[in-house]
Amino acid sequence: MVVKVYGPAYASPKRVMVCLAEKGIEFETVTVDLIKGEHRNPEYLKLQPFGALPVIQDGDYTLYESRAIIRYYAEKYKSQGTDLLGKTIEERGVVEQWLEVEAHNFHPPIYDMTVHILFASKLGFPSDEKLIKESEEKLGKVLDIYEKRLSESKYLGGDFFSLADLSHLPFTQYLVGPMGKEYMIRDRKNVSRWWNEISNRPSWKKIMQF
Amino acid sequence: MGGEFHVTTTMCFRENFVYITPSKSSLKRAEIRSLNNKMVVKVFGPVHAACPQRVLACLLEKDVDFEIVHVNLDQGEHKQPDFLVRQPFGQVPAIEDGDFRLFESRAIIRYYAAKYAERGPNLLGKTLEERALVDQWLEVEAHNFNDLVYTMVLQLVVLPRMGQPGDLALVHSCEQKLEKVLDIYEQRLSNSKYLAGESFTLADLTHLPGTRYLMNEAKMGHLITERKHINAWWEDISSRPAWKKLMNLACF
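Protein chains in written order, with my numbering: chain A, 31 to 240; chain B, 394 to 645.
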């Protein structure tokens, strides 16, 4: 029985998939088409009642919220593959801190940009140019803080690659790729260095293909 | 975003927990030194704000001694260089525990719940699978519940206190979305005593500060009381001694 990950075409499921790849954990994917509204089907809502992606099934065990899923697998398979949590409770605390920063400071503006730049027309609503501009400004301020952090620390959570860095991969890939905003990363020397390192990891190169 | 709710503060002193404002700190420092010979966790942020309360509730559950260092949000103290060294996004809370510093309330509570796993109630579940459900509902609170509650309290309570009109259309839209979210919580709590299972965990604790604001200052209590299982859950978690202690500390 392998882990089933729902919604592989999209960014948040990729957060889970790249974690599984780093840990050497096999998985299968189940397609969920957001444009067709499949995340609102009753069968999907039984698994994830908020209708968001992803959800995983691991035998009888069902779990949703990508950042909960990656914490689970990083801990469960701690001694296998890359250590994504650190060696001490304090190291883990700092990883958790930057994972929360990603969730609360980085994710909201980049998510709004993703929806309005990449998905609005597909989903049938007008893209909000004012929101895009404001979100880009907010994201820029967050990246300025990352620039300082990464001038003092090799990775966000410390001197090791962790869940805190991994969590940024899928939406940042949208930013530098289809959104055409690679300059936001390249204009910042340390963020650029960090992005090169984390996006060139074999696990990401494999998962970004989905 | 940070989820900061701030109201007019008053000075409150309770045994073992000294509430300091920087400008009046000289007199209080002597008291602190005599009270606290050992190192205590310093929690930076106003005792009334929701995110610091999330941390304080956890420390009280685990019986961890702390000292609150007030940060005056009304005067923008959280955006001053001294504070930004501690928390570069200019948000409360932050903690200092000896040499160890941390910010983001949900990271801080996970840290202390793990560090003091053997003490007080088990806030993280007994197995990895239970822990993951705690994390799942912490994430649900962070992404589905918090933003809606924060926006409603900002528009209904904070802006009017600052003399600005709140956006009632926005409040209504948030209320409708929150109703749908709470319907899902109601379904969950009809099958499970607490959000992550049969015991109180961080998943429940994280909802305490925001829900209290929603029901009291924002006067949206019907959202809770109209749902049988959510209401019972709220009655239970808000009666916990640690939460009652925090309410005393905050002079609520």
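Note that beta-carbon positions come from the ideal geometry of N, C-alpha and C, so glycine has one too.
Treat the numbers as computed from the prediction; the structure is a model and nothing was measured.
Cβ pair residue i, residue j closer than 7 Å
{"i": "B:TYR504", "j": "A:GLY187", "result": "no"}
{"i": "A:SER192", "j": "A:VAL125", "result": "yes"}
{"i": "A:ASP88", "j": "A:VAL35", "result": "no"}
{"i": "A:LYS53", "j": "A:TYR107", "result": "yes"}
{"i": "B:HIS463", "j": "B:PRO439", "result": "yes"}
{"i": "B:GLU532", "j": "A:GLU95", "result": "yes"}
{"i": "B:ILE488", "j": "B:CYS451", "result": "no"}
{"i": "B:VAL574", "j": "B:ASN537", "result": "yes"}
{"i": "B:GLN480", "j": "B:PHE493", "result": "no"}
{"i": "B:ALA635", "j": "B:GLU454", "result": "yes"}
{"i": "A:PHE201", "j": "A:ALA41", "result": "yes"}
{"i": "A:GLU8", "j": "A:VAL62", "result": "Because chain A here runs from 31 to 240, residue 8 of chain A falls outside it and cannot be looked at."}
Beta-carbon contacts of residue i that lie in its chain and below 8 Å, excluding the five residues immediately before and after
{"i": "A:ASP15", "result": "One cannot answer for residue 15 of chain A here, as it falls past the ends of chain A, which runs 31 to 240."}
{"i": "A:GLN239", "result": "none"}
{"i": "B:GLU591", "result": "SER585"}
Nonlocal neighbours in the same chain, by C-beta distance under 6 Å from residue i, ignoring five residues either side
{"i": "B:PRO602", "result": "ALA443, GLN446 and ARG447"}
{"i": "A:ILE99", "result": "VAL46, ILE86 and LEU93"}
{"i": "A:ALA194", "result": "VAL125, TRP128, LEU129, LEU186 and GLY187"}
{"i": "B:ALA506", "result": "LEU516, LEU517 and LEU595"}
{"i": "A:GLU177", "result": "ARG218, ASN220 and VAL221"}
{"i": "B:GLY491", "result": "MET432"}
{"i": "B:CYS567", "result": "LEU541, THR544 and MET545"}
{"i": "A:VAL172", "result": "ASN135 and PHE136"}
{"i": "A:GLU56", "result": "VAL32"}
{"i": "A:GLY168", "result": "A small fix is needed here, since residue 168 of chain A is Lys in this sequence, not Gly. Contacts found: PRO139."}
Residue i at chain A interface by Cβ criterion, 7 Å
{"i": "B:PRO481", "result": "yes"}
{"i": "B:ASP490", "result": "no"}
{"i": "B:ILE630", "result": "no"}
{"i": "B:PHE437", "result": "no"}
{"i": "B:GLU497", "result": "yes"}
{"i": "B:ILE646", "result": "Nothing about residue 646 of chain B can be reported from this structure: the residues present for chain B run from 394 to 645 only."}
{"i": "B:ILE617", "result": "no"}
{"i": "B:TRP626", "result": "no"}
{"i": "B:PHE493", "result": "yes"}
{"i": "B:LYS508", "result": "yes"}
Endpoints, beta strand (DSSP E) assigned at residue i
{"i": "B:ARG494", "result": "493-496"}
{"i": "B:LEU541", "result": "Premise fails: B:LEU541 lies in the alpha helix (DSSP H), 539-546, not in any beta strand (DSSP E)."}
{"i": "B:GLU467", "result": "Residue identity check: residue 467 of chain B is Asp in the sequence provided, not Glu. From DSSP, B:ASP467 is part of no beta strand (DSSP E); its letter is neither H nor E."}
{"i": "A:TYR36", "result": "33-36"}
{"i": "B:VAL436", "result": "434-437"}
{"i": "B:ASP490", "result": "487-490"}
{"i": "A:LEU271", "result": "Lying before the first or after the last residue shown, residue 271 of chain A is absent from chain A, which here runs from 31 to 240."}
{"i": "A:VAL60", "result": "57-60"}
{"i": "A:ILE86", "result": "85-88"}
Own chain, CB closer than 7 Å to residue i, minus 5 neighbours either side, in chain order
{"i": "A:VAL48", "result": "LEU196, LEU199, SER233, TRP234 and ILE237"}
{"i": "A:LEU75", "result": "GLY81"}
{"i": "B:GLY559", "result": "GLN548, LEU549, LEU552 and PRO553"}
{"i": "B:ALA611", "result": "MET545, VAL546, LEU549 and VAL550"}
{"i": "B:VAL527", "result": "LEU517, GLY518, ALA589, THR594, LEU595 and ALA596"}
{"i": "B:GLU523", "result": "ALA589 and GLY590"}
7 Å Cβ cutoff, residue i in contact with chain B
{"i": "A:ILE246", "result": "Here chain A comprises residues numbered 31 to 240, so residue 246 of chain A is not present and cannot be evaluated."}
{"i": "A:LYS106", "result": "yes"}
{"i": "A:GLU159", "result": "no"}
{"i": "A:GLY54", "result": "no"}
{"i": "A:GLU126", "result": "yes"}
{"i": "A:TYR102", "result": "yes"}
{"i": "A:GLY123", "result": "yes"}
Where the alpha helix (DSSP H) containing residue i begins and where it ends
{"i": "B:GLU523", "result": "521-533"}
{"i": "B:ASN641", "result": "634-642"}
{"i": "A:THR239", "result": "Checking the sequence shown, residue 239 of chain A turns out to be Gln, not Thr. From DSSP, A:GLN239 is part of no alpha helix (DSSP H); its letter is neither H nor E."}
{"i": "A:LEU205", "result": "199-206"}
{"i": "A:GLY44", "result": "The question names Gly, but residue 44 of chain A is Lys in the sequence shown. First-last of the alpha helix (DSSP H) with A:LYS44: 41-52."}
{"i": "A:LYS108", "result": "Where A:LYS108 is concerned, there is no enclosing alpha helix (DSSP H), given that its DSSP letter is neither H nor E."}
{"i": "B:PHE597", "result": "Reading the sequence as shown, one finds Asp at residue 597 of chain B and not Phe. Note, B:ASP597: alpha helix (DSSP H), 595-598."}
{"i": "B:ILE623", "result": "621-630"}
{"i": "B:PHE702", "result": "The structure shown has nothing for residue 702 of chain B, since chain B only spans 394 to 645."}
{"i": "A:TYR141", "result": "137-144"}
{"i": "B:ASN584", "result": "561-584"}
Closer than 9 Å between beta carbons: that is the criterion. Which residues of the region 129-148 of chain A meet it against chain B?
LEU129, GLU130, VAL131, ALA133, HIS134, ASN135, HIS137 and PRO138
Taking beta-carbon pairs under 7 Å, can you tell me which members of the region 522-545 of chain B lie near chain A?
GLU522, ALA525, ASP528, GLN529, GLU532, VAL533, ALA535 and ASN537
Under 9 Å, CB to CB, which of the residues in the region 199-229 of chain A have a partner in chain B?
none
Residues of the region 433-463 of chain B with Cβ closer than 7 Å to any Cβ of chain A, in chain order:
none
Between the region 69-100 of chain A and chain B, which residues of the former have a C-beta closer than 7 Å to a C-beta of the latter?
PRO79, PHE80, TYR91, LEU93, TYR94, GLU95, ARG97 and ALA98
Chain B contacts made by the region 162-177 of chain A, where a contact means CB separation under 7 Å:
ILE175
Give, in chain order, every residue of the region 559-579 of chain B whose Cβ lies closer than 8 Å to some Cβ of chain A.
VAL574 and ILE577
The region 178-191 of chain A: which residues have C-beta closer than 8 Å to a C-beta of chain B, in chain order?
LYS178 and ARG179
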